[in-house]
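Asks: Going by our numbering, 84 is the number at position 79 of the sequence shown; the sequence numbering is gapless.
Even for Gly, the Cβ is constructed at its ideal location relative to N, Cα and C.
One structure coming up, written as structure tokens, with questions to follow.
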Amino acid sequence: MINFRYHIVSLMAVFLALAVGIAVGVTLSPSVDEGILAQAQQDRKQVTDLRNELTRRNSLDAYRSTYEQRTGQLVLAGEMPDARVSLVVMPDAPAAVVTAIGDAVAQSGGRVVSQVKVSEEVFDPDQAATVNTALADLGPLGLTEDMTPATKVGWCLSRTLGSKSTSARDDYARTVGRTLSDAGLVDVRSDIEDAAQLVIVVTAPTVVPAPATDVTTAHVQLEAGIREQGGTADRVAVVVAGPNSDGLDGTDVGAIRTTSAASSELSTVDVADLPSGVVTTVLAGKEQMLGRQGHYGALARADDALPAVPVR
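Structure below.
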């Protein structure tokens, strides 16, 4: 039976528990507070150390970039006087890299006489019949039925943009360019006057997941086609510049170096996303125009970091 005494005892038990809790809390709180304060101080120190390290690394990166750019200007000066260069921009190639290479060509004394962008449709198997039909009437160019669509476009690019022996584009070069543009395969402008001695192909950066092998293979077929067209006497120089400092898996440069027969004809640079790689790309172009080739950069199967300077 619950009576008044029961309530008194219950209230006393509650107050006793509160008293014990307060006593224990007061006893333990200094050590708990000290532990929390010590951890907070350690965390603040770690954050400060990490911030200082990030600042240091950013400063070093800025120094390296500035040093490479200013040194590159000195290295490039006079390397390619009056050289005529065409930039061929592959799908997903970074615009900043294209601009940097064009600027470096100018620093070397050369001129970018044309810049074109290649459409993804060139490498789409479902568009093969469309590409073949669009190029079917370019008989004098020497295209054959056993060529892949990408190879045919490479030959067309070489004929419309480049020439080792003549400085001006002829009427047939303009016809080939119009054919590519009208088909939506490559955006060749009609007002290009000069033929390029050197073609620099700017490719896509490393991506995850890597592109399908057949796509990369088709890219290389186009790049090799630019070099093959024209025969030995009139072949233009070709450098494939890959902004691939993150790796070569699934890249044009990696495929050229490992699986393509064109590896002995094309020059490649694997670090074109770095200021030093941009300089190396131009130096590799000069070497190509002198009849030599090499693979340069920091990654697999590179012959050296860069050609011997000055390039002669």
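1. Would you list, in sequence order, the uninterrupted beta strand (DSSP E) runs of no fewer than 3 residues that lie entirely inside the stretch 217-249?
2. Pull up the distance between the alpha-carbon of R116 and that of V110, whole angstroms please.
3. Where do the N-terminal and C-terminal ends of the alpha helix (DSSP H) with L185 fall, by residue?
4. Taking C-alpha atoms, which residue in Q47, E150, A289 lies nearest to N137?
5. Using the beta-carbon count (16 or more within 10 Å), is I41 buried or exposed?
6. For V123, count the other beta carbons within 10 Å of its own beta carbon; 16 or more makes it buried, fewer makes it exposed. Which is it?
7. Give a single yes or no on whether Q78 has its beta carbon closer than 8 Å to a heavy atom of the ligand MG.
8. CA-CA distance, D176 and R240?
9. Got a sec? Which residues, its chain only, sit under 6 Å from S113 by beta carbon, not counting five neighbours each side?
10. Looking only at its chain, what residues have a beta carbon closer than 6 Å to the beta carbon of G182, apart from the 5 residues adjacent to it on each side?
11. Have a look at S172, Q74, A178, T273 and flag the residue whose alpha-carbon is nearest the alpha-carbon of S250.
12. Kindly list the residues whose CB is nearer than 8 Å to the CB of S70, restricted to its own chain and excluding five residues on each side of it in sequence; keep chain order.
13. Could you have a look at A173 and say whether DSSP puts it in helix, strand or coil?
14. Taking the C-alpha atoms as reference points, what is the distance between E228 and Q234?
15. Output yes or no for whether 9 Å exceeds the beta carbon distance between P154 and A201.
16. Taking the straight line between their C-alpha atoms, what separation do you get for L59 and L65?
17. Can you give me the start and stop residues for the alpha helix (DSSP H) that L288 sits inside?
18. Just reading off the alpha helix (DSSP H) that K158 is part of, what are its end residues?
19. How big is the Cα-Cα spacing for Y68 and L311?
20. Does the stretch 252-268 come into contact with the stretch 198-214, if we say contact requires no fewer than three beta-carbon pairs (one atom in each stretch) closer than 8 Å?
21. Spell out whether any CB of chain C is found under 9 Å from the CB atom of L271.
22. Please state the DSSP three-state secondary structure of V90.
23. If I measure Cβ to Cβ from T180 and keep anything under 7 Å in the same chain, skipping five residues before and after, which residues do I get?
24. DSSP on L304, reduced to helix/strand/coil?
25. Following the continuous alpha helix (DSSP H) through T104, name the residue where it begins and the one where it ends.
26. E292 to A313, Cα distance in whole Å?
27. Let me confirm a value: T53 is counted as buried when at least 16 other C-beta atoms fall within 10 Å, else exposed. Which label applies?
28. Identify the residues that DSSP records as bridge partners of T273: which are they?
29. On a CA-only basis, which of A134, P248, Q51, R75 is nearest T104? Give me that one, please.
Replies: If we stick to the structure as given:
1. 242-246
2. 6 Å
3. 176-187
4. E150
5. exposed
6. buried
7. This structure lacks the ligand MG; in fact it carries no ligand of any kind.
8. 19 Å
9. L81, E84, M85, V287
10. T165, V193
11. T273
12. P280
13. strand
14. 11 Å
15. no
16. 10 Å
17. 280-294
18. Residue 158 is actually Val in this sequence, not Lys. First-last of the alpha helix (DSSP H) with V158: 154-166.
19. 21 Å
20. yes
21. Absent here is chain C; the protein component of the structure consists of one chain.
22. strand
23. none
24. coil
25. 100-112
26. 9 Å
27. exposed
28. V245, H300
29. P248
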